[in-house]
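Engineer: To start, I am sharing the structure in question, which I have written as structure tokens.
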Amino acid sequence: MPTFPCEPPPMLADRLYPILLLLGSNLFMTFAWYGHLKYKSAPLTAAILVSWGIAFFEYCLMVPANRIGSAVYSAPQLKGMQEVITLLVFAGFSAWYLEQPLKWNHWAGFGLIVVAAWLIFLD
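In terms of the working numbering, the sequence shown opens at residue 459 and continues consecutively.
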């Protein structure tokens with residue numbers, strides 16, 4: 459099968475696609491878990507149902523990310539990567555959507571999690 463010049467090499471694609479899918483998944487996840495905090499007057503049952511609906515799309519991206527990623531990453535590496543992506547997405551979401559920017563201690567705590575994820579990738 460011919461390849462096209464705009465297609466990344468398979469090795470790069472194998473490593474990049476899971477990251478992109480995890481990024482998209484985490485956008486949905488963050489809205490599902492925290493988006494309702496901006497609408498505290500909405501009934502809790504509505505918040506739960508809307509969150510479940512949003513979470514469906516999270517799973518539609520997360521499951522393929524892990525399935526594809528398992529070809530090049532170990533399960534602990536996928537989880538570590540997912541945690542770092544979650545923190546980055548959440549930091550932006552908290553600052554821009556919820557208008558609650560992170561403080562130094564939040565960044566320090568997140569930094570420790572990033573160090574933990576880095577340790578997972580050491581072989």
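Ideal placement from N, C-alpha and C gives every residue a C-beta, glycine not left out.
So does the segment 500 to 509 actually touch the segment 564 to 576, counting three or more Cβ pairs closer than 8 Å?
Structural biologist: No, they do not touch.
Engineer: Run through DSSP, which three-state label would Gln540 get?
Structural biologist: Note: Gln540 maps to helix in three-state DSSP.
Engineer: Tell me where the alpha helix (DSSP H) around Ser528 begins and ends.
Structural biologist: It is not in any alpha helix (DSSP H) - Ser528 carries neither H nor E in the DSSP assignment.
Engineer: Which residues bound the alpha helix (DSSP H) around His564?
Structural biologist: His564 -> alpha helix (DSSP H) spans Trp562 to Phe579.
Engineer: Hey, how far is the Cα of Lys496 from the Cα of Met469?
Structural biologist: Between Lys496 and Met469, the C-alpha separation is close to 41 Å.
Engineer: Does the segment 535 to 543 come within contact of the segment 469 to 483, defined as at least 3 CB pairs closer than 8 Å?
Structural biologist: These segments touch.
Engineer: What do you reckon, are the CB atoms on Phe551 and Thr488 nearer than 9 Å?
Structural biologist: Yes. Within cutoff.
Engineer: Does the separation of the CB atoms of Tyr492 and Leu546 fall below 9 Å?
Structural biologist: Taking 9 Å as the Cβ cut-off, Tyr492 and Leu546 do not qualify as a contacting pair.
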